[in-house]
Amino acid sequence: MRLRTQVLLLQLAVLAVSLAVGFGLVIAGADDRVRDEYAQRALAIARSVAADTGVRVAVAANQGSAVDADRLVGGPLQREAASVRERTGALFVVIGNDRGIRLAHPETAELAKPVSTDPSKALAGADDVTTDRGTLGESVRAKVPIFDAGGRIVGFVSVGVSTERLAKETRSDIIATTLLALTALGIGALGSVMLARRWRKLTLGLESDELAELVREQGAVLHAMADGVLAVDADGIVRVVNDKARALLDIDAPVGTKAADLGLTPRVAAVLSTPTDEPLAATVGNRVVLVSSHRVHADGRDLGMVLSVIDRTDVEALSREVDSIRSMGAALRAQRHETANRMHVLAGLLRHGHADEALAYLEELSGTGPDGAMLDGLDNVREPHLHAFLDAKAAHARERRVTLRLGDQTWLQGTLTEPVVATTVVGNLIDNALEAASGQADGIVEVEVIADGDTLFVSVGDSGPGISFDDPDEVFAEGTTTKPGDHVPGGRGMGLALARQVARRIGGDLWVADPGGERSPTPEHDPPGALFVARLPGVIAPVESAEGVSSNE
Numbered sequence: 418m419r420l421r422t423q424v425l426l427l428q429l430a431v432l433a434v435s436l437a438v439g440f441g442l443v444i445a446g447a448d449d450r451v452r453d454e455y456a457q458r459a460l461a462i463a464r465s466v467a468a469d470t471g472v473r474v475a476v477a478a479n480q481g482s483a484v485d486a487d488r489l490v491g492g493p494l495q496r497e498a499a500s501v502r503e504r505t506g507a508l509f510v511v512i513g514n515d516r517g518i519r520l521a522h523p524e525t526a527e528l529a530k531p532v533s534t535d536p537s538k539a540l541a542g543a544d545d546v547t548t549d550r551g552t553l554g555e556s557v558r559a560k561v562p563i564f565d566a567g568g569r570i571v572g573f574v575s576v577g578v579s580t581e582r583l584a585k586e587t588r589s590d591i592i593a594t595t596l597l598a599l600t601a602l603g604i605g606a607l608g609s610v611m612l613a614r615r616w617r618k619l620t621l622g623l624e625s626d627e628l629a630e631l632v633r634e635q636g637a638v639l640h641a642m643a644d645g646v647l648a649v650d651a652d653g654i655v656r657v658v659n660d661k662a663r664a665l666l667d668i669d670a671p672v673g674t675k676a677a678d679l680g681l682t683p684r685v686a687a688v689l690s691t692p693t694d695e696p697l698a699a700t701v702g703n704r705v706v707l708v709s710s711h712r713v714h715a716d717g718r719d720l721g722m723v724l725s726v727i728d729r730t731d732v733e734a735l736s737r738e739v740d741s742i743r744s745m746g747a748a749l750r751a752q753r754h755e756t757a758n759r760m761h762v763l764a765g766l767l768r769h770g771h772a773d774e775a776l777a778y779l780e781e782l783s784g785t786g787p788d789g790a791m792l793d794g795l796d797n798v799r800e801p802h803l804h805a806f807l808d809a810k811a812a813h814a815r816e817r818r819v820t821l822r823l824g825d826q827t828w829l830q831g832t833l834t835e836p837v838v839a840t841t842v843v844g845n846l847i848d849n850a851l852e853a854a855s856g857q858a859d860g861i862v863e864v865e866v867i868a869d870g871d872t873l874f875v876s877v878g879d880s881g882p883g884i885s886f887d888d889p890d891e892v893f894a895e896g897t898t899t900k901p902g903d904h905v906p907g908g909r910g911m912g913l914a915l916a917r918q919v920a921r922r923i924g925g926d927l928w929v930a931d932p933g934g935e936r937s938p939t940p941e942h943d944p945p946g947a948l949f950v951a952r953l954p955g956v957i958a959p960v961e962s963a964e965g966v967s968s969n970e
């Protein structure tokens with residue numbers, strides 16, 4: 418039997434038992450209540466008759482056992498008793514004297530005879546209410562004493578109500594009570610049916626064992642997943658969050674918290690609020706994650722949103738290393754191409770006997786070969802990683818018809834302790850500068866690197882149009898780009914965001930020193946485009962001089 422059917426039957430059983438007990442008690446006491454009501458009515462009628470002055474005088478005048486019945490038939494007591502019985506609907510109104518002789522009775526043949534029930538209690542001065550059987554049948558009767566003007570008991574009044582009428586009234590009450598109970602039971606049954614339907618809708622038609630199994634499976638699966646899962650309902654309340662999601666999104670709040678109070682980054686919060694099938698890259702603390710979301714519907718109801726989170730930190734670190742290798746490879750290809758062209762020129766000159774011209778060409782190329790003098794001032798960068806990296810970027814710039822030059826203040830010795838960090842930041846800044854300057858006829862990118870102890874300072878400027886955002890800091894927002902999106906997971910617009918994240922992770926920073934363009938009409942630097950500055954502490958080990966003092970100081 419289905420759970421909702423069991424619940425329905427249980428509710429109906431509880432209702433039926435409760436109503437049976439409650440109304441059973443009501444019905445069981447109905448007879449006593451009606452009997453008591455009729456007794457009180459009879460007592461009130463008897464008292465009113467006994468208090469009548471004419472009745473008291475007439476009873477006082479008919480004392481003893483020798484009473485003339487013929488005189489009583491049309492007498493005032495018989496008329497008064499008949500009148501009261503007619504007005505009140507009583508079964509009988511009997512008036513007796515101090516000896517228990519009837520002075521008034523519904524049947525005239527019973528006049529002047531002793532009453533059929535014991536009147537001693539009333540003649541003793543007390544009210545007497547009983548259920549008894551007399552000449553007119555069983556009745557609920559009340560007997561009260563009659564006092565004369567001097568306070569002496571001279572007789573009694575007995576008023577009775579037929580138990581037949583009482584039973585009829587009881588049956589009427591029982592029928593009304595039963596109908597009321599059945600109506601209540603019907604309303605309760607209807608409510609139970611509606612509750613069962615509501616239960617089915619809330620549980621999506623699942624039974625109790627299925628719900629229990631679903632909860633167990635959900636807990637086992639969610640907490641065993643390598644990906645993070647965060648689910649919120651249609652009102653934006655967190656309903657599910659596994660351990661991986663807590664770690665990746667830095668969530669401490671318990672289930673039941675509003676999504677707006679989780680402290681999510683703007684990019685993650687935007688994905689959670691809007692269904693996003695294509696994974697987007699986002700930075701959370703020191704991590705890079707891919708987030709996507711979709712809305713869940715069941716039986717036409719909106720159940721909320723589910724956010725999937727994938728850790729991409731290690732992949733991004735590897736990507737940065739691969740980018741560095743790719744840049745070096747591109748530079749070597751460019752240098753090989755340039756070297757091959759120069760060798761062809763020399764071979765042609767020598768083949769045709771132009772030895773002087775060949776010698777002059779070699780002198781012109783002196784110091785400008787693949788080992789580096791094509792980039793003026795590169796000799797000032799004596800750190801091997803950055804030396805090779807800048808040389809590679811210079812070759813890449815020439816391919817894009819952009820001039821890459823080193824600033825006048827460039828001077829660097831020592832060895833990088835964090836080469837991937839340094840090349841990631843410098844590479845992203847140079848790549849963005851090349852992108853900005855490549856659209857101009859004489860594009861220029863200027864790089865300046867300076868070491869202060871173990872801290873590396875890098876500035877990169879370009880001759881591009883500058884930063885167009887009202888707030889220049891928006892260029893560091895995740896997904897911000899003017900380039901068309903490609904098909905890699907997460908899209909584009911992550912370079913500067915990642916570069917700043919890398920810098921801040923080691924205690925440094927990356928900022929816009931000058932937005933350039935229209936926002937800086939009189940730039941104090943050359944080239945006049947955007948100027949970025951990075952500070953990277955602890956990434957370089959200075960070369961110690963013979964006296965033990967750093968040569969960078």
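First residue of the sequence shown: 418, per the numbering used here; consecutive thereafter. Where a beta carbon is used, it is the ideal one built from N, C-alpha and C, also for glycine.
Mark residue 725 as exposed unless 16 or more other C-beta atoms lie within 10 angstroms of its C-beta, in which case mark it buried. buried
Between the beta-carbon of residue 512 and the beta-carbon of residue 476, is there less than 9 Å? yes
Looking at residue 925 and residue 948, is the spacing between their C-beta atoms short of 9 Å? no
Buried or exposed for residue 813, going by 16 or more other Cβ atoms inside 10 Å? buried
Could you give the DSSP three-state label for residue 978: helix, strand or coil? Because the chain here runs from 418 to 970, residue 978 falls outside it and cannot be looked at.
State buried or exposed for residue 659, treating a residue as buried only when at least 16 other CB atoms are found within 10 Å of its CB. buried
Within a Cβ cutoff of 8 Å, which residues of the same chain sit near residue 462, ignoring the five residues on either side of it in sequence? 501, 505, 507, 510, 559 and 576
From residue 591 to residue 602, what distance separates their C-alpha atoms? 16 Å
Report the residue ranges of all alpha helix (DSSP H) runs contained in full by the stretch 667 to 691; include only those spanning at least 4 residues, in chain order. 683 to 690
Which whole-angstrom value is the C-beta distance of residue 823 and residue 795, which I expect to be below 8 Å? 7 Å
Give the C-beta separation of residue 705 and residue 698 to the nearest angstrom, bearing in mind that I take them to be a contact with Cβ-Cβ under 8 Å. 6 Å
According to DSSP, simplified to helix, strand and coil, what is residue 478? coil
Since I believe residue 609 is in contact with residue 436 (beta carbons under 8 Å), could you give me their beta-carbon distance rounded to a whole number of angstroms? In fact, because the Cβ distance is near 13 Å, the residues do not count as touching under 8 Å.
When DSSP labels each residue in this structure, what does residue 790 get in the three-state scheme? Unreliable positioning characterises residue 790 in this predicted model, as indicated by a pLDDT of 46, which lies under 50. A coordinate reading is not provided.
Please state the DSSP three-state secondary structure of residue 492. coil
Can you tell which of 665, 693 and 691 has the C-alpha that lies nearest to the C-alpha of residue 729? 665
Mark residue 935 as exposed unless 16 or more other C-beta atoms lie within 10 angstroms of its C-beta, in which case mark it buried. exposed
Kindly indicate which three-state DSSP category residue 769 falls into: helix, strand or coil? coil
By Cβ distance below 8 Å, which residues in the same chain neighbour residue 674 in space, the five residues on each side in sequence not counted? 654 and 655
Beta-carbon proximity list for residue 474, same chain, < 6 Å, skipping 5 on both sides: none
Can you give me the start and stop residues for the beta strand (DSSP E) that residue 711 sits inside? 704 to 715
Per DSSP, what kind of secondary structure is residue 886 in: helix, strand or coil? coil
For residue 793, tell me which candidate among 828, 759, 645 and 917 has the shortest Cα-Cα distance. 828
With respect to the alpha helix (DSSP H) encompassing residue 867, which residues constitute its N-terminal and C-terminal limits? Unbroken run through residue 867 is the beta strand (DSSP E), 860 to 869; no alpha helix (DSSP H).
What is the C-beta distance between residue 923 and residue 832, in whole angstroms, given that I count them as a contact (C-beta under 8 Å)? Going by Cβ atoms, the distance from residue 923 to residue 832 rounds to 16 Å, so no, they are not a contact pair.
Under the rule that 16 or more other beta-carbon atoms within 10 Å means buried, what is residue 840, buried or exposed? buried
Start and end residues, beta strand (DSSP E) containing residue 696: 693 to 701
Check whether the Cβ atoms of residue 913 and residue 921 sit closer than 9 Å, and answer yes or no. no
If we call anything under 9 Å between Cβ atoms a contact, is residue 494 one with residue 479? yes
So, under 8 Å CB-CB, residue 563 and residue 574 are touching, yes? Tell me the CB distance rounded to an integer number of Å. 6 Å
Are the Cβ atoms of residue 881 and residue 858 separated by less than 9 Å? no
Please report the straight-line C-alpha distance between residue 929 and residue 804, rounded to a whole angstrom. 25 Å
In three-state DSSP terms, what is residue 514? strand
Return the chain-ordered list of same chain residues with a C-beta closer than 6 Å to the C-beta of residue 605, the five sequence neighbours on each side being excluded. 432
Tell me whether the beta-carbon of residue 864 lies closer than 9 Å to the beta-carbon of residue 810. yes
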